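J.:
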Amino acid sequence: MTISLNLPKEIEDVLRRRGSDPGKIVLDAALVDLYRRHEITHHQLATALGLGRLAVDEVLKRHNVPLDISVEELREEVASLRRDRGR
Numbered sequence: 012m013t014i015s016l017n018l019p020k021e022i023e024d025v026l027r028r029r030g031s032d033p034g035k036i037v038l039d040a041a042l043v044d045l046y047r048r049h050e051i052t053h054h055q056l057a058t059a060l061g062l063g064r065l066a067v068d069e070v071l072k073r074h075n076v077p078l079d080i081s082v083e084e085l086r087e088e089v090a091s092l093r094r095d096r097g098r
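Laid out in structure tokens, this is it:
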């Protein structure tokens with residue numbers, strides 16, 4: 012899905028001075044907010060961001076969002092790691 016935003020020039024300039032792509036900053040913030048509100052899982056967040064587990068944990072830390080993974084998600088993660096190790 013493509014989403015376009017019209018940011019005031021001043022805000023765009025602030026984001027660009029940080030050396031980051033404003034679109035990526037806004038997308039990351041929106042996805043992290045969905046995770047914070049328990050609307051997406053850690054795995055879905057990782058997939059949407061194109062990051063691995065540890066990198067997502069760092070993103071959450073930067074956004075001051077506590078790690079909140081269900082037992083089921085942990086089981087799925089372990090099963091996935093075991094499958095990957097068997098390859």
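In the working numbering, the protein residues as written are 12 to 98.
Positions of the beta carbon are idealized from the N, C-alpha and C atoms, including for glycine.
This structure is a prediction, so every number in the text was calculated from the model and none was measured.
How is the alpha helix (DSSP H) around G34 delimited, first residue to last?
T.: 33-47
J.: Please report the distance separating the alpha-carbon of D44 from that of R94.
T.: 30 Å
J.: Relative to the C-alpha of R86, which candidate in V67, H53, Y46, N75 has its C-alpha closest?
T.: H53
J.: State yes or no: is the C-beta of V70 within less than 8 Å of the C-beta of D39?
T.: Closer than 8 Å, so yes.
J.: For N75, tell me which candidate among V82, R47, L65, K20 has the shortest Cα-Cα distance.
T.: R47
J.: Does L56 pass the burial test, meaning 16 or more other C-beta atoms within 10 Å, or should it be called exposed?
T.: buried
J.: Between V67 and the rest of its own chain, which residues show a CB-CB distance below 7 Å, the 5 nearest in sequence each way excluded?
T.: Its chain contains H53, L56, A57, L60 as the residues whose beta carbon lies nearer than 7 Å to that of V67, once the 5 sequence neighbours on both sides are disregarded; these appear in chain order.
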